[in-house]
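Those protein sequences? They're chains E and R, same order as listed.
Each residue of the first sequence is one higher than the one before, counting from 56 in the numbering used here.
Each residue of the second sequence is one higher than the one before, counting from 65 in the numbering used here.
First up is the structure itself, then whatever we jot down about it.
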Amino acid sequence: MRQLLRIASWLYAVLVYGFIFLPVIVLVLFSLQATSFPIPPFTGPSLRWYDAVLSDTRLTSALVNSLLVASISSLAAVTLGFLCAWGLARFVLPGSGLLRGLITLPLTVSYLIIGMGLLVLFNWAGVPKSLLAAGIGHVVINLPLCFAIIYSQMGDHQINIERAARDLGAPEWKVLLLITVPVMAPAIFAGFFLSMTFSWDEFVISFLLTRFDTTLPVEIWNLLRSGLNPKTNAVGSLVFAVSIVLVVLFELTLLRRRKA
Amino acid sequence: MSSSANNGRALPRAGRALPWALVTPALGWTLLFFVLPFIAMGLSSLTAHEGGGFTLSNYSQFFTNPSYWQAMVNSLQVTAIVTVISVLLAYPFAWILAEQVPERWQRLALMLAVLPFWTSYVVRSYSWLLVLAQNGVVNRALTGSGLFAEPLQLANTRFATVTGFVHFFVMLLTLTIFANLKQLSPSYRKAAADLGAGPVRTFLHVVLPLTLPGIMVGAFLTFVLCIGDYITPQILGGNNELLMPQLVMMQIGRRGDFPLASALSIILMAVVTIAYLACARWLKIERT
Numbered sequence: 056m057r058q059l060l061r062i063a064s065w066l067y068a069v070l071v072y073g074f075i076f077l078p079v080i081v082l083v084l085f086s087l088q089a090t091s092f093p094i095p096p097f098t099g100p101s102l103r104w105y106d107a108v109l110s111d112t113r114l115t116s117a118l119v120n121s122l123l124v125a126s127i128s129s130l131a132a133v134t135l136g137f138l139c140a141w142g143l144a145r146f147v148l149p150g151s152g153l154l155r156g157l158i159t160l161p162l163t164v165s166y167l168i169i170g171m172g173l174l175v176l177f178n179w180a181g182v183p184k185s186l187l188a189a190g191i192g193h194v195v196i197n198l199p200l201c202f203a204i205i206y207s208q209m210g211d212h213q214i215n216i217e218r219a220a221r222d223l224g225a226p227e228w229k230v231l232l233l234i235t236v237p238v239m240a241p242a243i244f245a246g247f248f249l250s251m252t253f254s255w256d257e258f259v260i261s262f263l264l265t266r267f268d269t270t271l272p273v274e275i276w277n278l279l280r281s282g283l284n285p286k287t288n289a290v291g292s293l294v295f296a297v298s299i300v301l302v303v304l305f306e307l308t309l310l311r312r313r314k315a
Numbered sequence: 065m066s067s068s069a070n071n072g073r074a075l076p077r078a079g080r081a082l083p084w085a086l087v088t089p090a091l092g093w094t095l096l097f098f099v100l101p102f103i104a105m106g107l108s109s110l111t112a113h114e115g116g117g118f119t120l121s122n123y124s125q126f127f128t129n130p131s132y133w134q135a136m137v138n139s140l141q142v143t144a145i146v147t148v149i150s151v152l153l154a155y156p157f158a159w160i161l162a163e164q165v166p167e168r169w170q171r172l173a174l175m176l177a178v179l180p181f182w183t184s185y186v187v188r189s190y191s192w193l194l195v196l197a198q199n200g201v202v203n204r205a206l207t208g209s210g211l212f213a214e215p216l217q218l219a220n221t222r223f224a225t226v227t228g229f230v231h232f233f234v235m236l237l238t239l240t241i242f243a244n245l246k247q248l249s250p251s252y253r254k255a256a257a258d259l260g261a262g263p264v265r266t267f268l269h270v271v272l273p274l275t276l277p278g279i280m281v282g283a284f285l286t287f288v289l290c291i292g293d294y295i296t297p298q299i300l301g302g303n304n305e306l307l308m309p310q311l312v313m314m315q316i317g318r319r320g321d322f323p324l325a326s327a328l329s330i331i332l333m334a335v336v337t338i339a340y341l342a343c344a345r346w347l348k349i350e351r352t
């Protein structure tokens, strides 16, 4: 009985892993295709489509745009989220429950609707479509996330360390910079990292709010109009590689912290 | 402990200005770029596309135009199918990872299981298009093995949309259910075994009921993310049948009809809110 369960478990796990990895394997394999269709039979390996991606200035500038929007909007989201979490966790404010609810409310609304709202507002206010507009949208979706992560990590022992610093005569800004930020570093880092990956991957808000200069997911979307194309496979594999590097770095940093 | 926390919050030297200075930037951002756009969308949904006067026709169109109504029905059907299949696939998988895989390998096994979760959403849908295309890998395998003489129409169907969605949500649900199973104290299982329950009874009467709240939260998350997603149905489902997000985007893209797009967005949000209120009883996230 136990043996049978083990075999069935293995079989099931292998099938689900297969399902999860099938599209990724097909994507990467046919990015190395030598001919112009990413369908069987496999004719590679060849790096010609990676060459094509790297010499395509639209794609490379979209990549730079994506990195810029992701890092700046994440920095803004984590800063605003941290200050707000600190304020709400440390001080008694009237209606703080309501404030918490309001700040985290965007988490429950789909990106499409957040993007639509901003599009209508910017359209009325005469704000042109731009990377800045998309970046504003990315802060809207990532701010509640950063707030929630950092707020949930502000516990009692951190309050005691801060109080000790104040009792020893440190002014508020010193407490903030020298005590709270270092103590909260793991949560701040986690918030920043998650914001980076969400912004890096975000499509619909950028699609609605940018026009000529745009981000990588939108540029990949534009590539899809030409149908199945090994070039799309190549750029997709590169995006996948960047995400994997980010995730592995994140895991390693967390593990090191945990061991320390 | 909680009383000491409250004492810590009363700050002797800072006035009332400091806490508000900390909260205001985030609050201002949320009001300006989340609440205000929402009000703008609400107002827009009540104006006529041509002329700009007050009208309810953007809402009444939804109820009178059968193709709009059908998009909502399609969305609800696809979302329900995706949620059920994803939970049924992910639960045993998460259970195997949490109970059958040796402890030291679990972290690696879980990380591998959700690795494609971190890839670009657009790229993931495109990858499924490759797999399911007319002359793609699956069809080659089916016709090559002689099972089917003709390639099947897999891409640009509801089947493709559901497959793409299930792929994403199996990973998401595996993460949440795995975390849930690991939080269960082993003493519950020990107690059940001591009282004479076999593995099957222990699972059905102890493990499953205790993880049910976590499953509900995961299923609700799946519902919310699935019903609002534009990318997967647009890439994999094509335009054969429209889901709500596709209908919304069509109004902006083709006709620049912001008022109708706003009204449809608000209706979509209302449906999610109703679903939330209907399930709120089961969605109590317990604070530990």
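Built from N, CA and C at the ideal position, the CB exists for glycine as well.
Taking 8 Å as the CB threshold, Gly291(E) lines the interface with chain R. At least one C-beta of chain E is nearer than 8 Å to the C-beta of Arg188(R). The alpha carbon of Met251(E) has as its nearest neighbour, out of Ser261(E), Thr98(E), Leu122(E) and Leu223(E), the alpha carbon of Leu122(E). Interface residue (Cβ-Cβ distance to chain R less than 8 Å): Ile62(E) is not classified as such. As the crow flies, the alpha-carbon of Arg188(R) is around 11 Å from that of Leu77(E). Listed in chain order, the alpha helix (DSSP H) runs fully inside the stretch 165 to 215 of chain R are 167 to 177, 185 to 196 and 201 to 208, counting runs of at least 4 residues. Counting the other Cβ atoms within 10 Å of the Cβ of Tyr294(R) gives 16 or more, which makes it buried.
Contact between Phe98(R) and Pro149(E) fails: their C-beta atoms lie close to 22 Å from each other, not under 8 Å. The shortest CA-to-CA distance from Pro156(R) to any of Ala325(R), Arg318(R) and Phe267(R) is the one to Phe267(R). For the alpha helix (DSSP H) assignment, the uninterrupted runs of no fewer than 4 residues enclosed by the stretch 104 to 146 of chain R are, from N- to C-terminal side, 121 to 128.
For Val133(E), no chain R residue has a Cβ inside 8 Å of its Cβ, as the nearest lies near 11 Å away. With contacts defined as CB atoms closer than 8 Å, Ser108(R) and Ser326(R) qualify as a contacting pair. Against chain R, the beta carbon of Tyr67(E) has neighbours under 8 Å at Pro156, Phe157 and Ile160, listed in chain order. Distance from the CA atom of Asn197(E) to the CA atom of Trp255(E), rounded to whole angstroms, is 12 Å. If you ignore the 5 residues before and after Tyr166(E), its C-beta comes within less than 6 Å of the C-beta of Val259 and Ile260, all in its own chain and listed in chain order. The stretch 314 to 323 of chain R makes no contact with the stretch 136 to 146 of chain R, as fewer than three CB pairs between them are under 8 Å. Ser250(E): member of the alpha helix (DSSP H) spanning Ala240 to Asp256, first to last residue. Not flagged as an interface residue toward chain R: Ile216(E), since no C-beta distance is shorter than 8 Å. When secondary structure is reduced to three states using DSSP, Lys229(E) falls in the helix class. Using a 10 angstroms sphere on the CB of Gly210(R), the tally of other CB atoms stays under 16, which defines it as exposed.
What Trp228(E) touches in chain R, judged by beta-carbon distance under 8 Å, is nothing: the nearest beta carbon there is about 10 Å away. For Phe232(R), the closest alpha carbon among the candidates Phe118(R), Pro180(R) and Trp93(R) is that of Pro180(R). DSSP places Asp258(R) within a helical segment (H, G or I) once states are collapsed to three. Look at Gly282(R) here: in three-state DSSP terms it is helix. When rounded, the separation of the alpha-carbon atoms in Tyr123(R) and Arg103(E) is 52 Å.
Residues of chain R with a Cβ closer than 8 Å to the Cβ of Val294(E) are, in chain order, Thr183, Ser184 and Val187. Inter-segment contact for the stretch 273 to 292 of chain R and the stretch 240 to 249 of chain R is present: three or more beta-carbon pairs are separated by less than 8 Å.
A straight line joining the alpha-carbon of Asp106(E) with that of Phe74(E) spans about 30 Å. Of all residues in the stretch 302 to 320 of chain R, those with a C-beta nearer than 8 Å to a C-beta of chain E are Pro309, Val312, Met313 and Ile316, reading in chain order. Contact annotation: the stretch 210 to 228 of chain R touches the stretch 182 to 201 of chain R, with at least three C-beta pairs closer than 8 Å. Here Arg155(E) has Leu143 as same chain residues with Cβ atoms under 7 Å from its own Cβ, once five neighbours each way along the sequence are excluded. Met308(R) and Leu96(R) have their C-alpha atoms roughly 27 Å apart. Ala89(E) sits in coil when the DSSP states are folded into three classes, being neither helix nor strand. Excluding sequence positions up to five before and after Phe262(E), its CB lies within less than 6 Å of the CB of Val273, all in the same chain and listed in chain order. Secondary structure note for Gln213(E): its alpha helix (DSSP H) is the uninterrupted segment Asp211 to Asp222.
Residues Gly136, Cys139, Ala140 and Ile158 of the same chain have their beta carbon placed closer than 6 Å to that of Phe202(E), with the five preceding and five following residues left out of the count.
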